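**Q**
Right, here's the structure in full:
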């Protein structure tokens, strides 16, 4: 079965909506911003509408981990744009220059968590052999597979900008033209 797609710019959020926002959405809203980025504006506006509607927002540790690690890596690359002069990432993370970066990331994580209810991915109940077999084919991101299982088992809608979530039998709410043009409208 194929995904059901909803255009986030037209979606009317309801108090009964149970939503899982992918790491890329949190990154558009709370990560380092590019001035004038259309998706930052779209997803920030959507989060405001979600909060106003009192929809339920869930957070899983995988999403939080992806957000934190991507944010730290981006700051690392910004701090050391020349790869030849770049220290090892772990050295950077242990150095004094990382301390204010880590504090900024921690502050953003606290802001995110204020909006969310924690949810478990159900690692103990996942069909691990099937996930590993699928990953072994080279066509899937492992974390995306786990998040797909989470959405299905908990009955939550996924808000993402990641085209890796095509053909996973989910309701996806997105601003991604690639996703909207490739999956069945809801």
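In this note's numbering, the protein residues as written are 8 to 193.
Glycine included, C-beta positions come from ideal geometry on N, C-alpha and C.
It should be emphasised that the depicted structure is a prediction, and the values quoted were computed from it without experimental measurement.
Would you tell me roughly how many angstroms separate the C-alpha atoms of residue 168 and residue 35, rounded to the nearest one?
**A** For residue 168 and residue 35, the distance between alpha carbons rounds to 10 Å.
**Q** Residue 25 bridges to which residues according to DSSP?
**A** BP columns for residue 25 point to 63.
**Q** Below 6 Å CB to CB, which residues in the same chain sit around residue 20 once its five sequence neighbours on both sides are set aside?
**A** Excluding sequence neighbours, residue 20 sits near 56, 57, 60 and 62.
**Q** With 16 other CB atoms within 10 Å as the buried threshold, where does residue 127 fall?
**A** Result: exposed.
**Q** Going by the beta-carbon positions, is the gap between residue 30 and residue 181 smaller than 9 Å?
**A** For residue 30 and residue 181, no; Cβs fall outside 9 Å.
**Q** Of the residues 39, 32 and 17, which one's Cα is nearest the Cα of residue 114?
**A** Among 39, 32 and 17, the Cα nearest to that of residue 114 is on 39.
**Q** Quick one: is residue 175 buried, meaning 16 or more other Cβ sit within 10 Å of its Cβ, or exposed?
**A** That one is buried.
**Q** Would you give the residue range spanned by the beta strand (DSSP E) that residue 179 belongs to?
**A** Unbroken beta strand (DSSP E) run through residue 179: 178 to 181.
**Q** Would DSSP call residue 8 helix, strand or coil?
**A** Residue confidence is low: residue 8 scores 47 on pLDDT, short of 50, so the model does not pin down where it sits. Its coordinate-derived value is still stated next. Residue 8: coil per DSSP, three-state reduction.
**Q** Using DSSP with H/G/I as helix, E/B as strand and the rest coil, what is residue 118?
**A** Reduced to three states, the DSSP call for residue 118 is helix.
**Q** Look up residue 125 in the DSSP assignment and give the residues it is bridged to.
**A** Beta-bridge pairing links residue 125 to 66.
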